[in-house]
Amino acid sequence: MSAAALTGRDQLASAGRLVVKVGSSSLTTPDGHLDPGRLDAVVALLAARRAAGTQVVLVSSGAIAAGIGPLGLAARPRDLATQQAAASVGQGLLVAHYTRAFAGHGLGVAQVLLTAEDTWRRGRYRNAHRALTRLLDLGVVPIINENDAVATDEIRFGDNDRLAALVSHLVHADALALLTDVDALYTGPPSRPGSRRVAHVQGPEDLAGLDVTARGSAVGTGGMVTKLDSVSIATQSGVPVVLTSAARAAEAFAGEDVGTWFAATGRRASIRLLWLAHAARTRGRLVLDDGAVRAVVERRTSLLPAGVTHVEGVFEAGDAVDLVDPLGVVVARGLVAYGSDEVPQLLGRSTGELRGALGPGWDRELVHRDDLVLVRRGRHRVPRDDRTTLGP
32 MSAAALTGRD QLASAGRLVV KVGSSSLTTP DGHLDPGRLD AVVALLAARR
82 AAGTQVVLVS SGAIAAGIGP LGLAARPRDL ATQQAAASVG QGLLVAHYTR
132 AFAGHGLGVA QVLLTAEDTW RRGRYRNAHR ALTRLLDLGV VPIINENDAV
182 ATDEIRFGDN DRLAALVSHL VHADALALLT DVDALYTGPP SRPGSRRVAH
232 VQGPEDLAGL DVTARGSAVG TGGMVTKLDS VSIATQSGVP VVLTSAARAA
282 EAFAGEDVGT WFAATGRRAS IRLLWLAHAA RTRGRLVLDD GAVRAVVERR
332 TSLLPAGVTH VEGVFEAGDA VDLVDPLGVV VARGLVAYGS DEVPQLLGRS
382 TGELRGALGP GWDRELVHRD DLVLVRRGRH RVPRDDRTTL GP
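Counting from 32, one number per residue, gives the positions in the sequence shown under my numbering.
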């Protein structure tokens, strides 16, 4: 293994603050019900790490799976309303199991339910950061899950892999561990002959040519594609990631060569832009002319109304929208400053013209450069941020 890989895995072994995401498939029986024995094994692993001095944040799936049985459901529900109902029933059962299991190791836990807005709206981000930091300082293990009962479809994380990546930014983690039902990233489906484990990923270029389209567990929601998207969120935040199975987590935590290690690829980035790039659901499209595409992509300028030829979708000011070129190819994502009912009267007009015709409040950008992320070849480019202050 390379020196860089050894250094990376040593980072995990010595991490002072570790976020661990455990997927539903690591906590359930083959038929999808919560398995107390598997949960106890995860808790024993985390308790040992806590006893060694590491502050541990647990992002746990399993609430919906825990609610399947009590609600008499045959399988994981597909519609959002029933998922929310199952999560509401199952979350209490899941945390009760965790509370008893951690108590056996002399540790207390705290249930923390988050929505996507809690990780990128400045006020909520600060409050969540303060609360989680205080819990960790008090020796408590926060157990985090998405607040499924109140999260709308447009602002959901969608899976706990993304949630864990954003939480790793939120708590300033030293490393993130994604524990799943496969022991590593492979060059193809693990069951396919000839597929090889990928031990170390230094950057996105190392993923070129890999086949990661195989479906994940039927119990959970996150396949390998979403896991790699979550890895990108974390590593772009300066947080390295290990992906492995719960069965091999102890070896990974010790710095051994198991699973796949993803090196951090950049400095701390704005969590709001990370959310926009990887987790936000766009509500519409702005079609740009060629000049506006060059300005946004090459010169990194704000998007002005003069460069937009067409608007699609229904959205409000502050919603995420796709910016597309004349051929319909997405080149960027942004948070739009106007609602879809206001944009048509602005199209193709300069800010000076708009100021004269509509007043001084109408001469601002459609999408400010600070609210833009570029999309190139299927990947999101998020501006790096050296600031150490909290929040987006």
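Glycine is no exception: its CB is placed at the ideal position from the N, C-alpha and C atoms.
For residue i, list the residues DSSP reports as bridge partners.
{"i": "I174", "result": "L89, Q142"}
{"i": "W292", "result": "H231, V273"}
{"i": "G315", "result": "G344"}
{"i": "R48", "result": "Q86"}
{"i": "D237", "result": "None, per the DSSP bridge assignment."}
{"i": "R165", "result": "Answer by DSSP bridge pairing: none, since R165 is not bridged."}
{"i": "V427", "result": "Here the chain covers residues 32 to 423 and nothing more, so residue 427 does not appear."}
{"i": "T211", "result": "S276"}
{"i": "V53", "result": "S91, L210"}
{"i": "Y217", "result": "R228"}
For residue i, which of helix, strand or coil comes out of DSSP?
{"i": "S276", "result": "strand"}
{"i": "L405", "result": "strand"}
{"i": "Y369", "result": "coil"}
{"i": "T150", "result": "helix"}
{"i": "T130", "result": "helix"}
{"i": "V74", "result": "helix"}
{"i": "V339", "result": "strand"}
{"i": "Q265", "result": "Rather than Gln, the amino acid found at residue 265 in this sequence is Ala. In the structure shown, A265 sits in a helix (DSSP, three-state: H, G or I)."}
{"i": "V398", "result": "strand"}
{"i": "G251", "result": "In this predicted model, G251 has a pLDDT of only 40, less than 50, meaning its place in the structure is not dependable; the value taken from the coordinates is given anyway. Three-state DSSP puts G251 in coil, outside helix and strand."}
{"i": "L43", "result": "helix"}
{"i": "T257", "result": "helix"}
Take residue i and list the residues in its own chain whose beta-carbon comes closer than 8 Å to its own, dropping the five residues that flank it on each side.
{"i": "G39", "result": "H231, P271, W292, A294"}
{"i": "T164", "result": "V202"}
{"i": "R80", "result": "L49, V87, F284"}
Would you mind giving the Cβ-Cβ distance between residue i and residue j, rounded to the nearest angstrom? I have them listed as a contact below 8 Å.
{"i": "G365", "j": "E347", "result": "That pair is no contact at about 14 Å."}
{"i": "D237", "j": "R193", "result": "Not quite, the Cβ-Cβ distance comes to about 21 Å (not below 8 Å), so this is no contact."}
{"i": "A425", "j": "L43", "result": "Nothing can be reported for residue 425, as the shown portion of the chain is limited to 32 through 423."}
Apart from the five residues on each side of it in sequence, which residues of its chain come closer than 7 Å, Cβ to Cβ, to residue i?
{"i": "S63", "result": "With the sequence shown as reference, residue 63 is identified as Gly, and Ser is not the correct amino acid for it. Closer than 7 Å at Cβ, skipping near neighbours: A96, I99, A106, R107, V250."}
{"i": "R408", "result": "In this prediction, R408 has a pLDDT of 48, which is less than 50 and means its spatial position is unreliable; what the coordinates show is noted afterwards. So no residue of the chain qualifies."}
{"i": "W306", "result": "A147, T150, W151, L197"}
{"i": "V406", "result": "V361, V362, A363, R364"}
{"i": "P221", "result": "V213"}
{"i": "L138", "result": "A78, R81, V172"}
I'd like the list of long-range same chain contacts for residue i, defined as Cβ closer than 6 Å, with 5 residues on each side in sequence excluded.
{"i": "A311", "result": "A351"}
{"i": "S199", "result": "V50, L207, A265, V270"}
{"i": "T340", "result": "V318, D320"}
With a threshold of 8 Å (Cβ to nearest heavy atom), would residue i be considered close to the ligand MN?
{"i": "L358", "result": "This structure lacks the ligand MN, and indeed carries no ligand of any kind."}
> Are the segment 320-331 and the segment 341-361 touching by the rule of at least three beta carbon pairs closer than 8 Å?
Replying inline: yes
>> Pairs of beta-carbons, one from the segment 108-115 and one from the segment 82-94, closer than 8 Å: are there three or more?
In response: no
> How do the segment 195-215 and the segment 280-296 stand: do at least 3 beta-carbon pairs fall below 8 Å, yes or no?
Replying inline: yes
> Counting pairs of beta carbons, one from the segment 224-231 and one from the segment 156-176, are three or more of them closer than 8 Å?
Replying inline: no
>> Assess contact between the segment 323-342 and the segment 395-403, defined as three or more Cβ pairs (one per stretch) separated by less than 8 Å. Is contact present?
In response: The way I'd put it, the segment 323-342 does touch the segment 395-403; three or more beta-carbon pairs between them come closer than 8 Å.
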